[in-house]
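Note sheet for the following structure.
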Amino acid sequence: MITTDKFVNRHNGPRENEIKAMLDVIGASTLDELIDQTIPEVIRLKKPLNLPPGMTEYQYHGYLRGVAGKNQIFKTYIGLGYYNTIVPPVIQRNILENPGWYTAYTPYQAEISQGRLEALLNFQTMIMNLTGMEIANASLLDEATAAAEAMAMLFNNRTRQAVENGANRFFVSDECYPQTIELLRTRSAPMGIELVIGNFRTVTLDRSIYGALIQYPTADGKVHDYADFVTRAKANGASIAVAADVLSLVLLNPPGEWGADVVVGSTQRFGVPMGYGGPHAAYFACREEYKRTMPGRIIGVSLDAEGNQALRMALQTREQHIRRDKATSNICTAQALLAIMASMYAVYHGPEGLKGIAQQVHYNAIALANALKNIGYSVEDGIFFDTIKVNIANPAGIKPLAEAAKINFRYLDDAITISVDQTTSVDDLNAITEIFGQAANKTPKQITNEQIASQHSLINERKSLILQHPVFNIYHSESEMMRYIKRLENKDLSLTHSMISLGSCTMKLNAAAELIPITWPEFAHIHPFVPENQVVGYREIIDELDKSLSEITGFEKMSFQPNSGAQGEYAGLLVIQAYHRSRGDAHRNIALIPTSAHGTNPASAAMCGLKIVLVKCDKTGNVDVSDLREKAVQHKNNLACLMITYPSTHGVYEESIIEITDIIHENGGQVYMDGANMNAQVGLTSPGNIGADVCHLNLHKTFAIPHGGGGPGMGPIGVAKHLAPFLPSHPLVKTGGETGIHAVSAAPYGSALILLISYGYIKMLGGTGVTEATRIAILNANYIKESLKNHFPTLYSGANGRCAHEMILACGTFKREAGIEVGDIAKRLMDYGYHAPTVSFPVSDTLMVEPTESESKDELDRFCSAMISIRREIDEIISGEADKEDNVIKNAPHTAKSVITSNWNHGYSREKAAYPLKWLKDNKFWPSVARVDNVLGDKNLVCSCPPLQAYAEDTL
Numbered sequence: 001m002i003t004t005d006k007f008v009n010r011h012n013g014p015r016e017n018e019i020k021a022m023l024d025v026i027g028a029s030t031l032d033e034l035i036d037q038t039i040p041e042v043i044r045l046k047k048p049l050n051l052p053p054g055m056t057e058y059q060y061h062g063y064l065r066g067v068a069g070k071n072q073i074f075k076t077y078i079g080l081g082y083y084n085t086i087v088p089p090v091i092q093r094n095i096l097e098n099p100g101w102y103t104a105y106t107p108y109q110a111e112i113s114q115g116r117l118e119a120l121l122n123f124q125t126m127i128m129n130l131t132g133m134e135i136a137n138a139s140l141l142d143e144a145t146a147a148a149e150a151m152a153m154l155f156n157n158r159t160r161q162a163v164e165n166g167a168n169r170f171f172v173s174d175e176c177y178p179q180t181i182e183l184l185r186t187r188s189a190p191m192g193i194e195l196v197i198g199n200f201r202t203v204t205l206d207r208s209i210y211g212a213l214i215q216y217p218t219a220d221g222k223v224h225d226y227a228d229f230v231t232r233a234k235a236n237g238a239s240i241a242v243a244a245d246v247l248s249l250v251l252l253n254p255p256g257e258w259g260a261d262v263v264v265g266s267t268q269r270f271g272v273p274m275g276y277g278g279p280h281a282a283y284f285a286c287r288e289e290y291k292r293t294m295p296g297r298i299i300g301v302s303l304d305a306e307g308n309q310a311l312r313m314a315l316q317t318r319e320q321h322i323r324r325d326k327a328t329s330n331i332c333t334a335q336a337l338l339a340i341m342a343s344m345y346a347v348y349h350g351p352e353g354l355k356g357i358a359q360q361v362h363y364n365a366i367a368l369a370n371a372l373k374n375i376g377y378s379v380e381d382g383i384f385f386d387t388i389k390v391n392i393a394n395p396a397g398i399k400p401l402a403e404a405a406k407i408n409f410r411y412l413d414d415a416i417t418i419s420v421d422q423t424t425s426v427d428d429l430n431a432i433t434e435i436f437g438q439a440a441n442k443t444p445k446q447i448t449n450e451q452i453a454s455q456h457s458l459i460n461e462r463k464s465l466i467l468q469h470p471v472f473n474i475y476h477s478e479s480e481m482m483r484y485i486k487r488l489e490n491k492d493l494s495l496t497h498s499m500i501s502l503g504s505c506t507m508k509l510n511a512a513a514e515l516i517p518i519t520w521p522e523f524a525h526i527h528p529f530v531p532e533n534q535v536v537g538y539r540e541i542i543d544e545l546d547k548s549l550s551e552i553t554g555f556e557k558m559s560f561q562p563n564s565g566a567q568g569e570y571a572g573l574l575v576i577q578a579y580h581r582s583r584g585d586a587h588r589n590i591a592l593i594p595t596s597a598h599g600t601n602p603a604s605a606a607m608c609g610l611k612i613v614l615v616k617c618d619k620t621g622n623v624d625v626s627d628l629r630e631k632a633v634q635h636k637n638n639l640a641c642l643m644i645t646y647p648s649t650h651g652v653y654e655e656s657i658i659e660i661t662d663i664i665h666e667n668g669g670q671v672y673m674d675g676a677n678m679n680a681q682v683g684l685t686s687p688g689n690i691g692a693d694v695c696h697l698n699l700h701k702t703f704a705i706p707h708g709g710g711g712p713g714m715g716p717i718g719v720a721k722h723l724a725p726f727l728p729s730h731p732l733v734k735t736g737g738e739t740g741i742h743a744v745s746a747a748p749y750g751s752a753l754i755l756l757i758s759y760g761y762i763k764m765l766g767g768t769g770v771t772e773a774t775r776i777a778i779l780n781a782n783y784i785k786e787s788l789k790n791h792f793p794t795l796y797s798g799a800n801g802r803c804a805h806e807m808i809l810a811c812g813t814f815k816r817e818a819g820i821e822v823g824d825i826a827k828r829l830m831d832y833g834y835h836a837p838t839v840s841f842p843v844s845d846t847l848m849v850e851p852t853e854s855e856s857k858d859e860l861d862r863f864c865s866a867m868i869s870i871r872r873e874i875d876e877i878i879s880g881e882a883d884k885e886d887n888v889i890k891n892a893p894h895t896a897k898s899v900i901t902s903n904w905n906h907g908y909s910r911e912k913a914a915y916p917l918k919w920l921k922d923n924k925f926w927p928s929v930a931r932v933d934n935v936l937g938d939k940n941l942v943c944s945c946p947p948l949q950a951y952a953e954d955t956l
């Protein structure tokens, strides 16, 4: 019986008849023959993956409903940076659940990314305004990571005198969130930074302290006046970082107005579900003087070739890791989709709406404090925003009463803290007072809405206005908001339009069936620090995903804490270092890294305090085994690890990989495998089978989590048995190994909500399906390789002339013969409705193409026809038929406005510019701006919303 509802048939693009036709082009009789020709026999798995059969989409959702029911949704008032919030339905439906937003790639190609660039510019504008700072980036991973990045940035920006005087101490207020303090412990040690954790009022500040971090409001809810502390710190040469609650800044005096140098925090409570810890967009804002060294991506304003305003990512700041071993940060993934949601929350509510929400939260907290005082409880005096501290001799006595009422508080040794939020109602407040009244054998007086409305703010509210830019003051009805979101979406190319063939970045299908459950309340509305018995469903999913990924990778155990690939690299290297220390080999500090490695590899190694020794690659793109052996032997007494990607970054299964890993082990090192290309291993080989000791997995690549316009990502690490004891721990939730390293993320399981996506991917495909996905990815790549071989030669291939799941197309001759750069080809592809492959990585003047298994033969053929058409256009320049300067490639992309202008002065037709192939007439994507001037934007960095004419027009 033929079954058409198998998920593998939904996920993989080519149909059975298409596979045969593709194999004919490739020159292989069967798919098995192609795989045998591609993957060396010595590394092949000897048996199929031991995973259950796949489920249909319908079966999976029924099964998952049962698992979801094991989670308990309590009213949670734990706080510590995580709060219930209301996701506006217009944002949930039109952004979070919309593939036009979540399947887009990082906006490296600005001309087809203007929509999300505008949304991210709105985010930066919002953060700069609320914090009172001069510059902000377009999000980081979480608040704790952002605080660690602030510590590092201030350390790397010390004055020459401070460096000479050995100023290496960083003060951290003991009122900061515990997860933040823990992450600072992790990140400070490899950098040689000494943490000083204590009371901000009594700490001795001297010239040895280069910076300080304070919390605003504190973990216990207090709103301190830090003026005296800031004055003392700056008098001693220390810079000030502030971790600030974003909603409180609507009412509180912003840190930028009282002396902060850096302000960090989370935007989770701006309409992003808690999701058991993430994903959420952290923010990072600072003074102008740090704009060249701040981590992460900055969206800037420039002009296009026609003189129109255009947005783009600023080159010098978007990814510090392009500096490789000189990098001061390894940040690669941002939380773009979540930053976009948070920015839209501010756009939708506007300044008055946000102020109303913040005041309601504050007044609820005041009413609750007064009600508990009336019962006879000691509520700590002072100014607070949303969190009250109830001093009580026996907090544990409250706990069973609260849990019986399905309520969570934060319990300290001698106090309870209660953090209210946007969703807290008067009924919720009365439920809380009822619990405390029951414990005290008293009947509390009912709180009323009228009583709440009559409260007087404890806060001396900020004088500076918030969010005055027109974008935050127009779209407050749902119809206007819906249309604004749609206008931005229409400016961006995503997987809803065409294949995105990015080598190494793996833009595969993000199936709707995998994503639907992330909005279920049983998963979305869970605080990361609730008791374990409330998250039985979550723990079941995490444990099962651990087993599945361990089977796939050939490892013993996984840690899901790293919430990006680069953070997985960092965590994996720390685990290796912990292992060496446990054996008395703390001196092992040499990391061997091939010259072809992605920039995050040396950046992560540098952040771990490792010394980097580069290993050569041979003329075929493989690791030079002789050079590797020589350097491994030379450094054998201090060798910590090798960092290697497999298949190689050049898109080839290196025949010598077993020899390579053996050399490292023979000389006392460990093998770290970058999991960027894991989608070419699943079911056919594995890191453990090859000899790796640790590997991170980009779940947003191999295991179907969407790229979301530049994030979210997840980068869990898998380790061999001897490394399992050292997996990351957490200060508030027991996780990791017996002697685990300190935490690497704020939440114990990173961005746990989106683990559901990878869980669904494996559950619905099953062991056979995930293996078939790998096989089809290799088929699709080799089909493109053979289809383009007479037009774009492949730079590297395996022993039998095959590529892995991706290939590198050589384009250097075009520059010499026609003056055409690979960047020009990237821009011209936009006119054909395609996003460019990866440009000039890992080799200059190349395009790295990866089609993934999700694309059909028809889509592959359309892409190939576009590439061949562009090659013909290049040939026209070489032959002199087309002008070397005024041609369709150099002038690309062509906007609709430029094509319909009456002033057409080009030596080629409008039709050639806009419709070079017939099928485009039925399926045309128009870039919204012409070629963007990046140099102009870098020289004149503007990273907040300017007064755009478009906004003025919207008000007419």
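The sequence shown begins at 1 in full-length UniProt numbering and counts up by one. Note that the Cβ used here is the ideal one computed from N, Cα and C, for glycine as well.
Cβ-Cβ distance between residue i and residue j below 7 Å
| i | j | result |
| --- | --- | --- |
| F555 | V744 | no |
| residue 982 | C695 | Nothing can be reported for residue 982, as the shown portion of the chain is limited to 1 through 956. |
| Q109 | V929 | no |
| I73 | H525 | yes |
| A393 | T433 | no |
| G740 | L727 | yes |
| I452 | A367 | yes |
| residue 958 | G708 | As displayed, the chain neither begins before 1 nor continues past 956, which places residue 958 out of reach and without an answer. |
DSSP state of residue i mapped onto helix, strand, coil
| i | result |
| --- | --- |
| C176 | coil |
| N12 | coil |
| N129 | helix |
| Q268 | coil |
| R297 | coil |
| P53 | strand |
| L755 | helix |
| H587 | coil |
| F385 | coil |
| R65 | helix |
| T317 | Bear in mind that the predicted position of T317 carries a pLDDT of just 47, short of 50, making it unreliable; the figure below should be weighed with that in mind. If DSSP states are grouped into helix, strand and coil, T317 belongs with the helices. |
| Y761 | helix |
| R169 | strand |
| P946 | coil |
| A773 | helix |
| S378 | strand |
Span of the alpha helix (DSSP H), counted from its first residue to its last, around residue i
| i | result |
| --- | --- |
| E149 | E143 to N156 |
| S928 | No alpha helix (DSSP H) contains S928, which DSSP labels as neither H nor E. |
Anticipated Cβ contact below 8 Å, residue i with residue j, distance rounded
| i | j | result |
| --- | --- | --- |
| H497 | G833 | 6 Å |
| T649 | H598 | 7 Å |
| S173 | F200 | 5 Å |
| P295 | E149 | 5 Å |
| A913 | H894 | 4 Å |
For residue i, the first and last residue of its enclosing beta strand (DSSP E)
| i | result |
| --- | --- |
| I877 | Where I877 is concerned, there is no enclosing beta strand (DSSP E), although the alpha helix (DSSP H) it sits in stretches over K857 to S879. |
| Y672 | Q670 to D674 |
| Q561 | Unbroken run through Q561: none, as it is neither H nor E. |
| M643 | L639 to T645 |
Worksheet item: Does the stretch 528–538 come close enough to the stretch 745–753 to have 3 or more Cβ pairs within less than 8 Å?
Response: yes
Discussion item. With three or more beta-carbon pairs closer than 8 Å as the criterion, would you say the stretch 480–488 touches the stretch 126–144?
Written reply: no
Worksheet item: Within the chosen definition, does the stretch 48–67 reach the stretch 702–714 through at least 3 CB pairs nearer than 8 Å?
Response: no
Discussion item. Would the stretch 837–845 count as touching the stretch 918–926 if we require 3 or more Cβ pairs under 8 Å?
Written reply: no
Discussion item. Between the stretch 422–440 and the stretch 370–386, can you find at least three pairs of beta-carbon atoms closer than 8 Å?
Written reply: yes
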